[in-house]
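One structure is given below, encoded as structure tokens.
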DNA sequence: CGGCTGACTCTGG
DNA sequence: TCCAGAGCCAGCC
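Residue numbers (this note's numbering): 18 to 143.
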């Protein structure tokens, strides 16, 4: 009997966040709250941000952390100064367009999530 | 185990 | 549209 009193049945939140972020396709962005919701906790947006905050440098290269922005469609930061600029540059390189105020049009670039697909073409946006 | 922090989000003024 | 306050969560000390 493999000891499984508390097995990886509930992997660290952080790990899940990384896994999920890796699934965000190039040219698309996701919000912290959205990722949290996909993970089953729509209220854990801050936790998602925290997870990405302690994202080790080496891993940053394997995880498209730049594709995660806030619900306002803008880049979030706290403290660091070069990060926001770098994030924006990386996103623009992927084709993400920024508003004059530095806002991304979520209607166009928001990732729809890991959902297999939508109902046939029923709309989205206006 | 308790308290603090932070790449968030929502509501009200 | 911008600013301030309150709520929520996981990770770290």
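C-beta atoms are modelled at their ideal positions from N, C-alpha and C, and glycine is treated no differently.
Closest residue to residue i among the options (Cα-Cα distance)
i           : options           : result
residue 67  : 90, 46, 29        : 29
residue 80  : 107, 124, 92, 102 : 107
residue 70  : 82, 33, 98        : 82
residue 130 : 38, 31, 77, 91    : 38
residue 128 : 51, 60, 33        : 51
residue 62  : 109, 93, 75, 40   : 93
For residue j and residue i, believed in contact at Cβ under 8 Å, the rounded distance
i           : j           : result
residue 45  : residue 126 : 6 Å
residue 87  : residue 35  : Contact flag wrong, Cβ pair sits at about 19 Å.
residue 105 : residue 47  : Between residue 47 and residue 105 the Cβ distance is about 16 Å, and since that is not below 8 Å, they are no contact.
Exposure label - residue i; buried when at least 16 CB within 10 Å
i           : result
residue 73  : exposed
residue 57  : exposed
residue 90  : buried
residue 43  : exposed
residue 124 : exposed
residue 60  : exposed
residue 77  : exposed
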